[in-house]
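Peer 1: The structure that follows is given in the form of structure tokens.
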Amino acid sequence: MRLEKLETRFAAKRDCPPRRDTNIQEMIRLPSTSQKSRWSRFDISWAKKSICLFSVMASVQALESKPNILLILSDDHSVPHVGCYGNADFLKYSITPNLDAFASEGMRFDRAYTAAPQCAPSRISIFASQSPVKLGVTRFAQPARADVPFFTDFLRERGYWVGLAGRHQHLDGRNREAPHIDEVLIQEGMQNLDTRFDHFVRSARTRGEDLEKVDVAVASALATVPRGKPFFLYFGFNQPHRKFGPEHDGIDPSELTLPPDWPDTPEVREDYARYIDDVRELDYGFGKIMDWLDRQGLKENTLVVFMGDNGEALLRGKGTLFDRGTHVPLIIRWPGRIRPASASDSLISGIDLAPTFLEAAGVAIPEEMDGVSFFPELLGRSMNSRDYVYAERGWHWGPITRTDGLDFSRSVTSRHYRLIYNALPDRSYTPVDMPGSEAWVSIHAARAGGKLSQLHERLYFQNPRPIMELYDLQSDPYELNNLAESGAHTEVLERLRQALEAWMIRQHDYLPLPSHAQQNQQDKRY
Ligand SMILES: [Ca+2]
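For reference, each letter of the sequence shown is one residue, going 0 to 525 in numbering that gives the first Met the number 0.
Okay, structure coming up:
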């Protein structure tokens, strides 16, 4: 995105007076008498005052007991790559002013993780609140069984309008598939998003000219919400998924600070700058949607969630169970309910969103859902947060001989440590979506020229990889030092391995348990 264009847009935004779109005003009416009868005396008293102070629509929204819910996902986006997470370069170049302002009005989650480092399994697990392993969706673009309930099904049963727009990425299979595969998906009822949602857009884009229309896309989706109904809307951005645009106006690659696990080559820096520019586009689009929401008077009674669908497609990111693969930004705003500029360091999994939404909507959480509601946390109440979050990695869209295509790995993360189990240790590490990139080619060239450090040689080219990896996330946040063989960490290793194995058994995981794989390795039966 060209910087002068961006600055012009921001200037225009500042100068533009608030306006309302009439179709949306017409969308929401005063509630019926029966609805009013449910309100308490306090509510009615408050209503009389507020009608004098605000627009009719805003007051109705504030009094509606069930909040609207808007879930916005970025695509391939890790912590710390929103300014509010404290990345110095993002703050220096003001990459995410809209998301930072959004965070100042809501709660920032510092320890949120997706259930998988890939689009489809992660997104399905968000909707179904079960792990991709348990759902049987670890193979790329495998949809859930038709009878697996989504949280949106329960919201819909309880009177919500539910919509899915923007990039959803293979929730019900690939967009273009061989006819016989589509036939099976249809026969088995797995391609069901058009009936499962009141509004469904299969293939929406948010790049180029479409970035200017993201607010229109949201407006047109919500224009179909019947009067009096609360809504849930999912909206997915393409950014910052590869391929990145060529531009990085105003961002000097040579001035960026690289994390220590990345080899420092000009190409890696250029690639990173282009990624950052993509996040800047995402932020711009996010800001347009938030502005629209505000103009419609929907801000007050809408719980807005921003999250990454999985980690960024940069080195040791997407496709891996390292922090960069699953640690995602999560920011939630709910005016009047969530304390502004608050933060949480509770462990959160992507599967926890569904029960949290249901609790916010006053809907009972079904037994099928394994997630832990963090609704109390949103309201500033104490809660028993998780001890562990789990993640899995399966087949992605790439060669089955490299990790960008196939890797079978599992992880458990505690507040202090992460254990990773590599069930295919002889696969060569290859970054997902970037094996042909100039950045990855430059790392191979540096290696061939003898210019790669011992650390980077080990991190990127060790083969076989260790079956078990243990990292101290507090002292070693970039996961440089594997402690699995450290005698000082035997107890931690055993505790996390047992937790992971218990989880794998409960999920009916098809992989061998780590201790069984290790036993065979020790017995030299491999
Ligand atoms: Ca993704």
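Cβ atoms here follow ideal geometry from the backbone N, Cα and C, with glycine treated the same way.
1) Leaving out the 5 sequence neighbours to the left and right, which residues in its chain are closer than 7 Å to S408 when beta-carbon positions are compared?
2) Quick one, what's near ligand 1 if you take every residue whose CB is closer than 5 Å to any heavy atom, in chain order?
3) Closest to G105 by CA distance: which of I331, G361, R417 is it?
4) Could you check what DSSP says for A445 in three-state terms: helix, strand or coil?
5) Rounded to a whole number of angstroms, what is the C-alpha to C-alpha distance between A360 and R195?
6) Within its chain, find whatever has a CB closer than 7 Å to the CB of K228; leave out the 5 residues flanking it on each side and keep chain order.
7) Does the separation of the CB atoms of E468 and R417 fall below 9 Å?
8) Rounded to whole angstroms, how far is the Cβ of P131 from the Cβ of A114, which I believe are closer than 8 Å?
9) Is it true that the stretch 231-241 meets the stretch 72-80, where meeting means three or more beta-carbon pairs spaced less than 8 Å apart?
10) In angstroms, rounded to a whole number, what distance separates the CA positions of G82 and T151?
11) Look at the Cβ atom of F126, then the Cβ atom of F108, and state whether they are nearer than 9 Å.
12) Take A220 and list the residues in its own chain whose beta-carbon comes closer than 7 Å to its own, dropping the five residues that flank it on each side.
13) Under 6 Å Cβ to Cβ from V303, same chain only, skipping five residues before and after it: list those, please.
14) Should the stretch 310-329 be regarded as contacting the stretch 426-437, the criterion being three or more beta carbon pairs within less than 8 Å?
15) Less than 9 Å separating the beta-carbons of D308 and I94?
16) Mapping the DSSP letters down to three states, classify D282 as helix, strand or coil.
17) With DSSP as the reference, identify every bridge partner of F230, one or two as the case may be.
18) State yes or no: is the C-beta of Y387 within less than 9 Å of the C-beta of S345?
19) Quick check on A516: does DSSP put it in helix, strand or coil?
20) Tell whether a beta-carbon distance below 9 Å holds between E456 and R464.
21) I'd like to confirm the pairing. Which residues does DSSP put opposite I331 in its beta bridges?
22) Going by beta carbon distance, what residues of the same chain come within less than 6 Å of G263, once the five residues before and after it are set aside?
23) Would you call V215 buried or exposed, if buried means 16 or more other Cβ atoms sit within 10 Å of its Cβ?
24) Go to R195, then tell me how far its alpha helix (DSSP H) extends in each direction, as first and last residue.
25) My assumption, with CB atoms under 8 Å, is that M368 sits in contact with S103. Please give the rounded CB distance.
26) Would you tell me roughly how many angstroms separate the C-alpha atoms of N519 and R122, rounded to the nearest one?
27) Compute the distance between the beta-carbons of S384 and T325, then report whether it is under 9 Å.
28) Do L479 and L454 count as a contact pair if the criterion is CB distance below 9 Å?
29) Which of helix, strand or coil does DSSP assign to A340?
30) Are the Cβ atoms of I337 and L378 separated by less than 9 Å?
31) With distances taken Cα to Cα, identify the nearest neighbour of R155 among V224, G249, K242, G172.
32) Compute the Euclidean distance between the alpha carbons of E187 and A143, then round it to the nearest angstrom.
33) What does S73 pair with, by DSSP beta-bridge criteria?
Peer 2: Here's the rundown:
1) Here residue 408 corresponds to residue number 409 of the sequence shown, with the count starting at 1. Only residues of its own chain outside the window of five on either side were considered, and among them L320, R392, I419, Y420, N421, A422 have a CB closer than 7 Å to the CB of S408, listed in chain order.
2) The set of residues with CB atoms less than 5 Å from any heavy atom of ligand 1 reads, in chain order, D74, D75, C118, D308, N309.
3) For the purposes of this step, residue 105 is taken as residue 106 along the sequence shown, with counting starting at 1. Minimum Cα distance to G105 is reached at I331.
4) Against the sequence shown, residue 445 aligns to sequence position 446. Helix.
5) Taking the first residue of the sequence shown as position 1, residue 360 is located at position 361. Taking the first residue of the sequence shown as position 1, residue 195 is located at position 196. Rounded to the nearest angstrom, the two C-alpha atoms are 19 Å apart.
6) Along the sequence shown, read from residue 1 onward, the residue named residue 228 stands at position 229. Hits under 7 Å: G158, Y159, W160.
7) By 1-based counting over the sequence shown, the position of residue 468 is 469. By 1-based counting over the sequence shown, the position of residue 417 is 418. The answer is yes: Cβ separation under 9 Å.
8) Working through the sequence shown from its first residue, we reach residue 131 at position 132. Working through the sequence shown from its first residue, we reach residue 114 at position 115. Indeed, because the Cβ distance is near 6 Å, the residues count as touching under 8 Å.
9) Using a Cβ-Cβ distance cut-off of 8 Å, the stretch 231-241 and the stretch 72-80 are in contact, since at least three pairs of beta carbons, one from each stretch, lie closer than that value.
10) Numbered from its first residue, the sequence shown carries residue 82 at position 83. Numbered from its first residue, the sequence shown carries residue 151 at position 152. Going by the C-alpha atoms only, they are around 31 Å apart.
11) Reading the sequence shown from its first residue, position 127 is the one you call residue 126. Reading the sequence shown from its first residue, position 109 is the one you call residue 108. It is not a contact, given that the beta carbons lie outside the stated cut-off.
12) Residue numbering aside, residue 220 sits at position 221 when the sequence shown is read from its first letter. Closer than 7 Å at the Cβ level, and outside the excluded window around A220, lie G162, A164, H198, L232.
13) Reading the sequence shown from its first residue, position 304 is the one you call residue 303. Hits under 6 Å: L69, R332.
14) Yes: at least three Cβ pairs fall under 8 Å.
15) Within the sequence shown, residue 308 is the residue found at index 309, counting from 1. Within the sequence shown, residue 94 is the residue found at index 95, counting from 1. No, Cβ-Cβ distance for D308 and I94 is not below 9 Å.
16) Working through the sequence shown from its first residue, we reach residue 282 at position 283. The three-state secondary structure of D282, taken from DSSP, is helix.
17) The residue given as residue 230 occupies position 231 in the sequence shown. W160.
18) On the sequence shown, residue 387 is found 388 positions in, with the first residue counted as 1. On the sequence shown, residue 345 is found 346 positions in, with the first residue counted as 1. No, these two residues do not count as a Cβ contact at 9 Å.
19) Along the sequence shown, one-based indexing puts residue 516 at 517. Note: A516 maps to helix in three-state DSSP.
20) As a first step, residue 456 must be located in the sequence shown, where it is residue number 457. As a first step, residue 464 must be located in the sequence shown, where it is residue number 465. Between E456 and R464, the gap from beta carbon to beta carbon reaches 9 Å or more.
21) Position 332 of the sequence shown holds residue 331. DSSP lists M106, V304 as partners of I331.
22) To locate residue 263, count along the sequence shown from 1; it is residue 264. Looking at the sequence itself, residue 263 is Asp, so the reference to Gly does not match. Once the five neighbours on either side are set aside, the close Cβ partners of D263 are L257.
23) By 1-based counting over the sequence shown, the position of residue 215 is 216. Answer is exposed; the Cβ neighbour count stays below 16.
24) The sequence position of residue 195 within the sequence shown is 196, counting from 1. Per DSSP, R195 is one residue of the alpha helix (DSSP H) stretching across 192-195.
25) Along the sequence shown, one-based indexing puts residue 368 at 369. Along the sequence shown, one-based indexing puts residue 103 at 104. So it is not a contact: roughly 31 Å between Cβ atoms.
26) Here residue 519 is taken as the residue at index 520 of the sequence shown, counted from 1. Here residue 122 is taken as the residue at index 123 of the sequence shown, counted from 1. Near 35 Å, if we compare the C-alpha coordinates of R122 and N519.
27) For this step, residue 384 is matched to residue 385 along the sequence shown. For this step, residue 325 is matched to residue 326 along the sequence shown. No, the pair does not count as a contact, with Cβ atoms beyond the cut-off.
28) Here residue 454 refers to the residue found at position 455 when the sequence shown is read from its first residue. Here residue 479 refers to the residue found at position 480 when the sequence shown is read from its first residue. For the 9 Å CB-CB criterion, L454 and L479 form a contact.
29) Within the sequence shown, residue 340 is the residue found at index 341, counting from 1. A340 falls in the coil class under three-state DSSP.
30) Position 338 of the sequence shown, counted from the start, is the residue given in the question as residue 337. Position 379 of the sequence shown, counted from the start, is the residue given in the question as residue 378. With contacts defined as CB atoms closer than 9 Å, I337 and L378 qualify as a contacting pair.
31) As a working mapping, residue 155 is identified with position 156 in the sequence shown. Considering only alpha carbons, the answer is V224.
32) Locating residue 187 in the sequence shown gives position 188, counting from the first residue. Locating residue 143 in the sequence shown gives position 144, counting from the first residue. Taking the straight line from one Cα to the other gives about 10 Å.
33) Here the question's residue 73 lines up with position 74 in the sequence shown. Under DSSP, S73 forms a beta bridge with G307.
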